[in-house]
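Counting in my numbering, the sequence shown runs from 63 upward without gaps. Positions of the beta carbon are idealized from the N, C-alpha and C atoms, including for glycine.
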Amino acid sequence: LLKLEVDFHVGKKQLKQILEKVINTHGASKTAEVLDLIKATGYKYSTKAAMTVSISDMTVPAQKQEMLDQAQMTVDRISQNYRR
């Protein structure tokens with residue numbers, strides 16, 4: 063018997079098992095309804111919490127210029143290798 067509430071983490075494997083039970087018990091049209099409800103629930107909770115990052119939240123590392131110079135040297139070296 064399929065519980066109406068799911069109180070455990072649902073991964074791909076568990077979702078497949080749930081949908082197999084629904085389709086075997088209730089058919090394709092009811093399964094489509096269940097899928098729509100699952101999708102709506104996912105959208106609902108994926109938009110509940112949001113995180114924003116501001117430039118003022120960032121701290122510039124002391125070695126920033128050194129990191130940029132090293133990255134530029136790597137880019138220059140790779141570019142030279144491809145020009146040959």
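Cβ separation of residue i and residue j, assumed to be a contact under 8 Å, to the nearest whole Å
i, j, result
"Val179", "Lys75", "Because the chain spans 63 through 146 in this model, residue 179 falls outside it and cannot be assessed."
Nearest residue (CA-CA) to residue i, options the options
i, options, result
"Gly73", "Gly104, Ala94 and Ala90", "Gly104"
"Glu67", "Ala124, Tyr144 and Val96", "Val96"
"Lys110", "Ala102, Ile117 and Ser116", "Ala102"
Buried versus exposed, by CB contacts within 10 Å (16 or more), residue i
i, result
"Leu63", "Here Leu63 scores only 48 on pLDDT, less than 50, and its place in the model should not be relied on; the value that follows carries that caveat. Label assigned to Leu63: exposed."
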